[in-house]
Amino acid sequence: MVDILITVYFPDSYSMETTIQQDTSQRIVPWSDFLTNSPPAVEMGIRDALGSIRQPDTAPLLVPHIKLYCSVCEGKRNFESTDQIQLNDGLRRLFMTYSCRDCGTMTHTFALIIRWKQGSPLITALKIGQWPAFGPPPPSILKSLLGQYYELFTKGLQAESHGIGFAAFTYYSRIVELLKDQLFVLASKVSQKTAAPPELTRNLLTAKREKTFGRAVEVLGDAFPEHLRLQGKYNPFQLLRQILINGENIQPDGAYLKLAQDLRAVLAAFAAQVKQYIGEDKEFAAAVEHLDATSK
Ligand SMILES: [Zn+2]
C-alpha cells in the first residue's frame, strides 16, 4: 500500500525542485503540525524542524513527539521516533518512523521530501505518502457494525480526507447497501428490546428482504423504533435513503464530499444509538456475526 501511495504522490523531481527553489514564501507551519495534520502532496515551510547546527553543511532534523491515532490502543496516543537524520544542502528523500509510546507496537511511517539550504533556519517539506494512510481514523463505534467491510470503509475515509468526494460517496453508499440486512436486523432487535409494537419488529424484518436499501426503507415507511431516532426525531434510515437519492443526481465533487460526510455521520450515529440498547461490544458483535452467518 505504501508503494501505491508513493507512486501516486511522487511528483516529478525536476518540477519539485524548481517549485521549492522558487517558492520560499509558502505557508509556514510547526514541524509537529506538519507531520500530524498535513495531507500528502502539500508543500509547507517549517522553521522549528532543525536542531542546533554544529557543522555548517549539515543540519540535524528533529523528531518531536506527536499525537497520532493508534489502532492497537484504539485512540490518540503519543508517538515517538528514534530516527537520526542529518540534512545536507539540497533536496533529500527520506522515511521517518514513529512508534506508539503506550503499546510500542503500532507504527506510523512518513515518506518525505525535504529541502534545506545551507545556512537557513527554514526547511521546505512535502509528504510523498504515509502509512497508515493520512485521514481521520475510522470511528471505533462503527467497527463491529462494519465487520468485513471495515477495509472498504477506510478506503472511503482516505478518499474523503483527500477531498475526493465522488469516490468517498461511492464507497459509503456501497457499504450501506452491503450492510442493508445488518441495519434492519439491528433495528428490529432494538425494537424488540425496547418493547416497541411487535408489528414494527416484524415489518423491519419483512422490509429487509427488499433488494436495495432504498426500496426497503420505502416499504417500511415512516414507522421506526423511537429509541433509534437521531436527536429524538430523525429516522436515520430515511436520512440515509435521502442522501443516496441526492447522490444519484450528478453533482460537483464538493457536493459529493458533503453527501459522503453526511452518510458517514448518520451511519456512525445510528451505530451509537444501537449500542446503547444492544449493550456491550460483545453482544453487538455477536449480533452482527450471527447476521453474517445467516444472511449467506
Ligand atoms: Zn498504541
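Using this note's numbering, the letters of the sequence shown map in sequence onto residues 150 to 445. Built from N, CA and C at the ideal position, the CB exists for glycine as well.
When C252, D330, D206 are compared, the shortest CA-CA separation from L295 is found for D330. Distance from the CA atom of S187 to the CA atom of L240, rounded to whole angstroms, is 19 Å. DSSP, reduced to helix, strand and coil, places N237 within a strand of the structure shown. Taking a contact to require three or more Cβ pairs closer than 8 Å, the stretch 244 to 253 and the stretch 223 to 230 qualify as touching. Contact residues of ligand 1 (beta-carbon closer than 7 Å to any heavy atom; chain order) are C219, V221, C222, R226, C249, D251, C252, T254, M255. Note on the stretch 193 to 238: whole beta strand (DSSP E) runs with a minimum of 3 residues are 207 to 210, 215 to 219, 224 to 229, 234 to 237, in chain order.
Here DSSP, grouped into helix, strand and coil, assigns L349 to helix. With a cutoff of 8 Å on beta-carbon distance, I272 and I195 are scored as near each other.
For I427, the enclosing alpha helix (DSSP H) covers residues 402 to 427. Taking a 10 Å sphere around the C-beta of H214, we find fewer than 16 other C-beta atoms and assign the residue as exposed. For A274, the enclosing beta strand (DSSP E) covers residues 272 to 280. Here R413 is buried. Its C-beta has 16 or more other C-beta atoms within 10 Å.
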